[in-house]
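In what follows, a structure is listed as C-alpha cells, so that the remarks can point back to it.
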Amino acid sequence: MSAPPSSLPPLRLRRLSATAFRRALAAGVARVLAQRELLDRINVFPVPDGDTGANLAHTLRAVLGAARDERRRHLGLLLGRIADRALDGARGNSGVILAQFLQGFSAAAASRPALDLPALAAAAAAGERAAHAAVAEPREGTMLSVMRAFAGELAEQARGGVEDLAAALAAALARARRALAETPVWLAELRAAGVVDAGAKGFVELIAGMLETLGRRGPPPAALPEPDPTGPSPRAEAPCASSYRYCCECLLLGEGAEREAVRARLAGFPCDSLVIAGVPGRLRLHAHADDPAALFSHLEALARVSAPKADDMRAQRAPAGGVALLADSGADLPEGLPGSASIHVVPVRVAFGEEEHLDKLSLASADFYRRLRAGGAPPRTSQPPPGDFQRAFEQLLSHHRAVVGVHISARLSGTLQSARAAAERCDPARIRLVDSRNASAGQGLLVAYAAEAIADGLGAEEVARLTAAMVPRTRSYAVLADLRHAERGGRLPPLARRLAELLGLTPVLRDRDGRLAVAGALLGRGRLPERFAAWVARRLPAGRRLRVLLAHADAPEAAERLEAALLAAVPGLEALGRIPLGGAIAAHAGPDALLVAVQDYEPPASLLARLGGGR
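Here the working numbering is used: the first residue of the sequence shown is 2, the next is one more, and so on.
If you want it as C-alpha cells, here you go:
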C-alpha cells in the first residue's frame with residue numbers, strides 16, 4: 002500500500018530550498034530502496050540480468066551520501082556535489098543515465114540558492130536532454146521516455162502560471178506514471194515479459210517518494226512499496242536485446258575524455274548499450290561487450306581508464322535457485338567444470354603503477370604476462386573493496402534464498418574480510434562464507450566442490466559445512482622460477498630466497514594453515530616438471546580418490562609435462578585440467594611458476610552422511 006499522507010494539510014511550496022530538497026531526496030531514495038528487489042525482478046531490458054534495483058540502490062546511496070555531506074544552504078552547490086558523487090557511484094545502464102540526468106539538472110541550477118517552478122522546469126529539461134545525449138542509441142519505452150514526460154509536464158505547468166511546486170510536481174508525476182505504463186507499447190521485450198521498464202519505474206518511484214515529503218509538515222512518511230501487477234521474476238522467459246556477455250563500466254579521465262571522441266573511438270568496436278555520462282575530462286562509460294580487457298585497452302588510447310568494472314550477465318541471467326555460489330578471482334577454475342557456468346566471481350584488483358585492472362577481466366592474460374616479464378614496476382594486488390561484494394550479495398540475494406562464498410585464504414589476502422564487512426551490511430543470516438585457506442587451483446577445487454553440493458540440492462548451511470570440511474583435505478604445492486616476486490609480496494621469507502640461490506635449489510612451497518611455507522627443495526632446474534611431479538606423488542595418500550588441478554604462470558608446455566608425469570606416477574588420479582594462473586596469484590608467483598592442487602575427494606552426499614545430517 003502507499004505511504005499514508007500526513008494528517009496535517011499540505012503547504013503551498015513556492016521555492017525549493019536545499020533543506021527541503023535534502024529531506025525529500027532521503028524519502029525518495031528510501032522508496033526506491035524499499036522496491037529494490039521488485040525492480041530486479043522486472044528487469045528485462047536491455048538484458049534480463051536482474052540487477053536494475055541493485056544498480057539504482059548503489060547509485061542512490063552515493064547520491065544520498067553527497068546530500069548528507071554537503072550541509073550548505075545553497076541548492077545549486079548541493080546539486081553540484083550530488084551530481085559529482087552520482088557519477089562516481091553510478092552502476093548499470095539505469096544508474097549511469099540517472100547520473101547524467103543529475104549532471105544536466107545541476108549544471109542548469111548551479112547558480113541558484115533555491116528553485117522556483119520555472120527554474121525547476123528548466124533544470125529538469127536540461128537533465129532530460131543530458132541523459133538523452135548520453136545514450137548512444139536511445140530507445141522509446143525506457144527511463145528516457147519517462148524523464149521526458151516528467152520534464153515536459155513541469156514545463157507546461159510553469160507556462161500555465163502555476164506557482165505551487167508540490168502541485169506542479171504532482172501533475173508531472175502523474176504524467177510520468179502514464180509514460181511508465183506505456184513502456185511495454187514501445188518495447189517488445191517488456192510486452193513479452195508482462196512488465197514495465199525497471200529503470201523507468203525506479204525514476205518514477207524516486208520522484209513519488211520525494212513528493213510525499215515536499216510541501217508537508219511533520220516528519221517524512223515511511224516509504225513503503227506499493228502493490229505491483231508485474232508478478233514473479235520474468236528473467237527466464239524474457240528475450241534479450243543484447244547478445245554480449247559482460248556489462249562493462251569505467252571512468253575516463255583526462256583531456257581525451259570527450260563524449261564524441263569516445264563514441265568515434267568505439268565506432269565499429271563490438272559492443273552495445275553504450276551510455277557516456279559526465280563532463281569533458283571526467284566521463285562514466287557503460288557498455289556491453291564480450292571482451293572487457295579489449296574494450297578498456299581500446300579506450301586507453303584516448304584517456305586514462307579508472308575504476309573498471311565488468312559483470313558477467315550470462316551468470317546473472319542463469320535461472321534463480323535456492324543457493325548462489327560466490328568466489329573471488331583468487332580461485333582458478335577450468336572452463337567446462339560442472340557448475341562453473343553459474344559461479345559468480347568478484348575480481349581482485351591488479352595494478353601496474355597507476356593503472357588498476359580487474360583480475361581476469363580488464364587485463365588480458367597475454368598482456369599481464371607480457372608486462373610481468375618486461376620487468377619495471379612490479380604488479381600490486383589488493384582485495385576487492387566491500388562495495389564490490391555488497392553489490393554482488395544484493396544482486397544474488399534478490400534471486401536466491403542464500404549465498405555461499407568460498408574465498409582466498411584470509412592469511413594471504415584481506416578479501417575474506419571485505420566479504421564479511423559487506424555481508425554485515427546486507428543480510429548476514431542468508432550469507433555463509435568459507436575461508437578456503439588456499440588460493441588458485443586449491444581454492445578452485447573447493448569452489449567446484451561447493452558447486453557440486455549446490456547441484457545436489459543441499460542448503461547453504463550444509464554447503465558451507467561440507468566445503469569447510471574439505472579444506473584440510475585440499476592441499477597445494479608450487480615451484481617458482483623467480484623467487485623475487487614471492488619475497489616482494491611477503492609470501493616467502495628473504496632468507497629462503499637467498500639460500501636457494503646460493504645452493505642452486507628450487508624450493509617447493511605448500512599451503513600450511515592458510516599460508517605458503519617451504520616444504521622441501523629440488524636441486525637445480527633440469528627436468529623440473531618431472532621431478533616436481535615425483536616429489537608430489539611421494540606425498541599423496543595411497544588408496545584414496547584424489548582429484549588434481551594444475552595451474553601455470555605462462556608455462557603451458559611445462560604444465561603439460563607435469564601433468565603427464567603426475568598421472569604416470571599416480572594411477573587413478575582424477576585430473577581436472579591445466580589452467581593459467583590468474584593475475585591475483587601470478588603477481589606473487591612470477592612467470593613460469595607451476596602449481597599442483599590435490600583434493601582427497603569424497604562426494605558431498607557421502608560426506609554429509611558421515612558427518613551427520615544426511616537426508
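All C-beta atoms, glycine included, are put in the ideal place defined by N, C-alpha and C.
Taking all protein chains shown into account, decide if residue i is buried (16 or more other Cβ within 10 angstroms of its Cβ) or exposed.
{"i": "Gln418", "result": "exposed"}
{"i": "Val186", "result": "exposed"}
{"i": "Ser112", "result": "exposed"}
{"i": "Arg13", "result": "exposed"}
{"i": "Gly81", "result": "buried"}
{"i": "Asp514", "result": "exposed"}
{"i": "Asp291", "result": "exposed"}
{"i": "Pro6", "result": "Model confidence at Pro6 stands at a pLDDT of 44, short of 50, so the residue's coordinates are unreliable and nothing is read from them."}
{"i": "Ala590", "result": "buried"}
{"i": "Ser363", "result": "buried"}
{"i": "Thr20", "result": "exposed"}
{"i": "Ala559", "result": "buried"}
{"i": "Arg433", "result": "buried"}
{"i": "Ser274", "result": "buried"}
{"i": "Glu336", "result": "exposed"}
{"i": "Asp198", "result": "buried"}
{"i": "Arg499", "result": "exposed"}
{"i": "Pro605", "result": "buried"}
{"i": "Leu155", "result": "buried"}
{"i": "Pro572", "result": "exposed"}
{"i": "Glu259", "result": "buried"}
Just grab the DSSP bridge partners of residue i for me.
{"i": "Phe353", "result": "Glu356"}
{"i": "Asp329", "result": "Val347"}
{"i": "His289", "result": "Cys248 and Asp273"}
{"i": "Val1", "result": "Absent from the model: residue 1. The displayed extent of the chain is 2 to 616, so no value can be given."}
{"i": "Gln600", "result": "Thr475 and Arg548"}
{"i": "Thr507", "result": "Leu523"}
{"i": "Ser414", "result": "For Ser414, which the question treats as bridged, DSSP gives no partner whatsoever."}
{"i": "Ala518", "result": "Arg511"}
{"i": "Arg579", "result": "Leu551"}
{"i": "Phe436", "result": "Residue 436 is actually Asp in this sequence, not Phe. Bridge partners of Asp436: His408."}
{"i": "Ser441", "result": "Ala332"}
{"i": "Leu253", "result": "Leu284 and Val306"}
{"i": "Ala403", "result": "Val324"}
According to DSSP, simplified to helix, strand and coil, what is residue i?
{"i": "Arg15", "result": "coil"}
{"i": "Gly591", "result": "coil"}
{"i": "Arg562", "result": "helix"}
{"i": "Ile586", "result": "helix"}
{"i": "Gln384", "result": "coil"}
{"i": "Pro85", "result": "Sequence inspection shows Asp at residue 85; the Pro mentioned does not correspond to that position. Residue state, collapsed to three classes: helix."}
{"i": "His553", "result": "strand"}
{"i": "Ala310", "result": "The sequence as given places Lys at residue 310; Ala does not occur at that position. Residue state, collapsed to three classes: strand."}
{"i": "Gly142", "result": "coil"}
{"i": "Arg371", "result": "helix"}
{"i": "Val448", "result": "helix"}
{"i": "His408", "result": "strand"}
{"i": "Ala134", "result": "helix"}
{"i": "Gly105", "result": "helix"}
{"i": "Val622", "result": "Because the chain in this structure spans residues 2 to 616, residue 622 falls outside the shown range and cannot be described."}
{"i": "Leu362", "result": "coil"}
{"i": "Arg540", "result": "coil"}
{"i": "Leu212", "result": "helix"}
{"i": "Val324", "result": "strand"}
{"i": "Ala115", "result": "coil"}
{"i": "Ala378", "result": "coil"}
{"i": "Ala262", "result": "helix"}
{"i": "Asn44", "result": "coil"}
{"i": "Gly153", "result": "helix"}
{"i": "Pro530", "result": "helix"}
Since residue i and residue j should fall inside the 8 Å C-beta cutoff, what is the C-beta to C-beta distance between them, to a whole number of angstroms?
{"i": "Gly584", "j": "Phe369", "result": "5 Å"}
{"i": "Ser477", "j": "Leu596", "result": "6 Å"}
{"i": "Ser95", "j": "Gly200", "result": "3 Å"}
{"i": "Phe151", "j": "Leu76", "result": "Contact doesn't hold; Cβ gap of about 19 Å is too wide."}
{"i": "Leu267", "j": "Ala25", "result": "About 37 Å; that fails the 8 Å criterion."}
Confirm the yes/no value for this check: CB of residue i, any heavy atom of the ligand COA, distance under 7 Å.
{"i": "Phe46", "result": "What this structure holds is no ligand at all, so the ligand COA is not there to describe."}
Should the segment 593-613 be called in touch with the segment 344-358, which here means at least 3 C-beta pairs below 8 Å?
-> no
Using 8 Å as the threshold, is the segment 120-132 in touch with the segment 302-314, meaning 3 or more CB pairs across them?
-> no
Given 8 Å, three or more beta-carbon pairs between the segment 407-425 and the segment 525-542 = no
At least 3 beta-carbon pairs within less than 8 Å: the segment 126-134 vs the segment 99-118 | yes
Taking three-plus beta-carbon pairs below 8 Å as touching, is the segment 281-295 in contact with the segment 251-266?
-> yes
Below 8 Å, can you find three or more Cβ-Cβ pairs linking the segment 371-381 to the segment 33-41?
-> no
Does the pairing of the segment 439-451 with the segment 537-557 give three or more beta-carbon distances under 8 Å?
-> yes
Should the segment 51-59 be regarded as contacting the segment 391-403, the criterion being three or more beta carbon pairs within less than 8 Å?
-> yes
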